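Sequential numbering from 1 applies to the sequence shown in UniProt numbering.
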Amino acid sequence: MSVRVPDASKLRSTHLLLEQREVERRRKTSKQAERIERGHPYTAKAAQLPANRLKNRYVLPSALSWVYVPILRPPTLNTLTPTHARELKSGSLSLSLSLLRSSPDPSAGPHPDSDIYPYDANRLLLPKPIHGNDYINASWIREPDFQLPHPPRHDHPSPHPQQQTWIAAQGPLPETCYEFFSLCINPDPARRPRVIIQLTAWQEGGREKCACYLPAKVGGVLEFRAQGPLHVGQSTRHGGGGGDHKFRWSPAESRVRVTLESSHAGPVHSSSGRRPATSSFYRQNTLLLQHVSCGDAGPSGEVLSDATLTHYECIDWPDRGTPLSTEPILHLIRSAKTAARTIQPDAPPSPILVHCSAGVGRTGTLIAIASCEAHLHRLSHTTDNSPPQNTNLQLPQQLFGLGRLQALPSALDEDLVAHTVDFLREQRVCMVQTEAQLGFVYKALAESAPSPSEAVHV
C-alpha cells in the first residue's frame with residue numbers, strides 16, 4: 001500500500017471534518033448534558049466526580065487553539081477570519097462548522113471545558129483502589145481492525161501480527177505518580193504495561209507538563225507514596241449550604257520505589273534544530289519498580305513485588321507540534337513494540353503505555369502512526385498484491401453501537417489515516433490534536449510504506 005501526503009487544501013478539509021465530529025462528541029461528553037443516559041458511549045462522568053477533579057491535569061485556555069462556531073447563513077462569514085472566509089467562499093471549506101482561532105487571557109486560569117476526560121466505557125481502573133477510588137486519567141486504546149482485501153500469506157514469518165493494545169494517559173501529577181506506576185505492577189499480566197513511552201518534557205515553556213518520575217542518574221532511586229482524594233466537607237462559597245464538595249490528598253499505606261538501572265541514547269538523531277545535531281531524539285531507560293509497604297501491616301491483595309520496565313524518554317517533540325523528521329518516531333515505535341514482546345517473551349501480550357501532558361496530541365499522533373503502519377504491514381503480506389477496488393474502511397465491530405456518530409463521508413472511504421484518527425477519537429477525545437499533527441501522520445506513513453513493487457492503493 002502507498003499513502004500519499006494530501007495537499008494543504010485537502011489536509012485542511014480533512015482536519016476540519018474530523019474536528020466537526022469531535023465537536024459532536026464533546027457536546028455529548030459535556031457535564032451540562034445531564035440528559036445522556038448511563039452507558040452512552042461518550043459519557044465521562046467518572047472523571048467529573050468531585051473526588052476525581054484533583055486527578056485531572058487542567059489545560060490552560062491559551063492551549064485551546066480552536067473555538068467551534070456554527071455557520072448558519074452567509075452573514076456569519078463576517079465572524080470568520082479573512083483567510084477562513086475566503087476559503088469558505090471559494091468552496092475549499094464545505095463544512096457546516098468552521099473554526100475560529102481563540103486568544104483567551106492566559107491569566108484566567110483553568111477552564112472546565114478544557115479538561116481532557118477519559119470516556120467511562122474504556123477508562124482504566126486502578127488495580128488497587130486508593131481510599132476506595134479507582135480513577136486514573138487514562139484510556140484503553142485498540143487499534144482498528146480493518147478488513148483485509150485478501151487473506152494473509154502463510155509463508156511470511158509474521159503474516160498477521162497480533163494487534164497492539166495501548167494505554168493513552170495524561171502525564172502524572174506529583175500526587176499521582178504512585179497510581180501511574182501501579183498500572184505497571186498489576187497482578188494481571190494482560191493489563192500490565194511493560195513499556196512506557198514519554199512524549200513530553202517535564203517542563204515546557206516554564207510550565208509543568210508532567211511530574212518528574214524518573215531518577216536523575218543511573219543507580220538513582222525515587223519513591224512515591226500512594227495518595228488518594230479524601231472528603232473533608234463542603235465549601236460555603238454559595239452561602240448557607242449546598243456548596244461544592246471539598247477533597248484533599250491523603251496518604252495511604254503503600255509506596256513504589258523506582259530505580260533507574262540503565263539509560264542510553266537512541267540511535268536516531270533529532271533534526272529539529274532545538275537541540276545540537278549530536279543529541280538523540282529519545283533515550284531508552286530500564287526501570288526497576290518495587291512495591292513497598294509503608295507500615296507494619298502490608299497492603300492487602302495480591303501484588304507484584306517488583307517489575308522491570310523499558311521506558312522511552314522523548315527529548316525533542318514540542319507540545320502541539322511535530323518533529324521535523326519522521327524517522328525517529330518510526331524507529332521509536334518499532335523499538336517499543338519489540339521491547340514489549342521481548343521483556344517477557346512467554347507472557348501474554350501486554351499494552352504499551354503512552355503519555356504526553358494531556359495524553360491526546362502527541363500521544364494520539366504516535367498511536368495513529370503505529371496503528372496505520374501495522375495495517376500497511378498486514379496489507380503488504382496478503383495473498384494478492386493487486387490493488388483492491390472500492391476498499392471501504394469501516395469502524396471495527398467493537399465500536400458499533402447506539403449513540404455513536406455516523407460513518408465518515410464516502411469521500412474518505414479510502415483514507416486510512418482519517419479513519420484511524422476518527423477511530424482513536426471514538427476512544428479518547430482530541431487524539432491527534434492539530435492539523436500539523438494530522439499531516440505528520442500522513443507524512444510518516446508515506447515514508448514507512450512498503451516499496452512500490454509491493455504497494456497497493458486504497
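Where is the CB? At the ideal position from N, CA and C, for every residue including glycine.
Please read all numbers here as calculations on a predicted model, not as lab measurements.
Just so you know, the alpha carbons of Q203 and K209 end up roughly 5 angstroms apart.
Sequence-distant Cβ neighbours of R21 in its own chain, meaning closer than 6 angstroms and more than five residues away, are L405.
The alpha-carbon of Y442 is positioned some 7 angstroms away from that of V417. Close CB contacts of H245 within its chain, under the 7 angstroms cut and outside five residues either way in sequence, are with P50, H231 and Q234 (chain order). For the options V429, Q284 and R57, the alpha carbon positioned closest to that of T176 is the one of R57. Within the segment 167-248, the complete beta strand (DSSP E) segments of 3 residues or longer fall at 195-198 and 221-234, listed in chain order. At a Cβ-Cβ threshold of 8 angstroms, D120 and K45 count as neighbours.
For S139, there is no enclosing alpha helix (DSSP H); the residue is part of the beta strand (DSSP E) that begins and ends at N133 to R142. Counting of Cβ neighbours within 10 angstroms places D188 among the exposed residues, the total staying below 16.
DSSP places C314 within a strand segment (E or B) once states are collapsed to three. Looking at the DSSP output, S293 shares a beta bridge with S254. Going by beta carbons, L124 and W140 fall inside the 8 angstroms limit. Bounds of any beta strand (DSSP E) do not take in P118, whose DSSP letter is neither H nor E. Per DSSP, the beta-bridge partners of S262 are T286.
Residue Q170 holds the alpha-carbon nearest to the alpha-carbon of I136 among Q170, S250, F146 and S350.
With fewer than 16 other Cβ atoms inside 10 Å of its own Cβ, E447 counts as exposed. In the structure shown, the three-state DSSP call for H40 is coil. For the pair E261 and L288, the CB atoms are nearer than the 8 angstroms cut-off. Boundaries cannot be given for P351, as no alpha helix (DSSP H) includes it and DSSP labels it neither H nor E. Between V421 and L16, the C-beta gap is not smaller than 8 angstroms, which leaves the two residues out of contact. In the DSSP secondary-structure assignment, T165 is bridged to R142. Among the bridge pairs identified by DSSP, A307 is matched with L289.
L214 places its beta carbon 8 angstroms or farther from that of T363. Residue environment analysis places H355 among the buried positions, since at least 16 neighbouring C-beta atoms fall within 10 angstroms of its C-beta. With respect to V360, R26 sits apart: the two C-beta atoms are not nearer than 8 angstroms. If you check the CB distance, A368 and V432 come in under 8 angstroms.
A339 and N285 have their C-alpha atoms some 11 angstroms from each other. K45 sits in coil when the DSSP states are folded into three classes, being neither helix nor strand.
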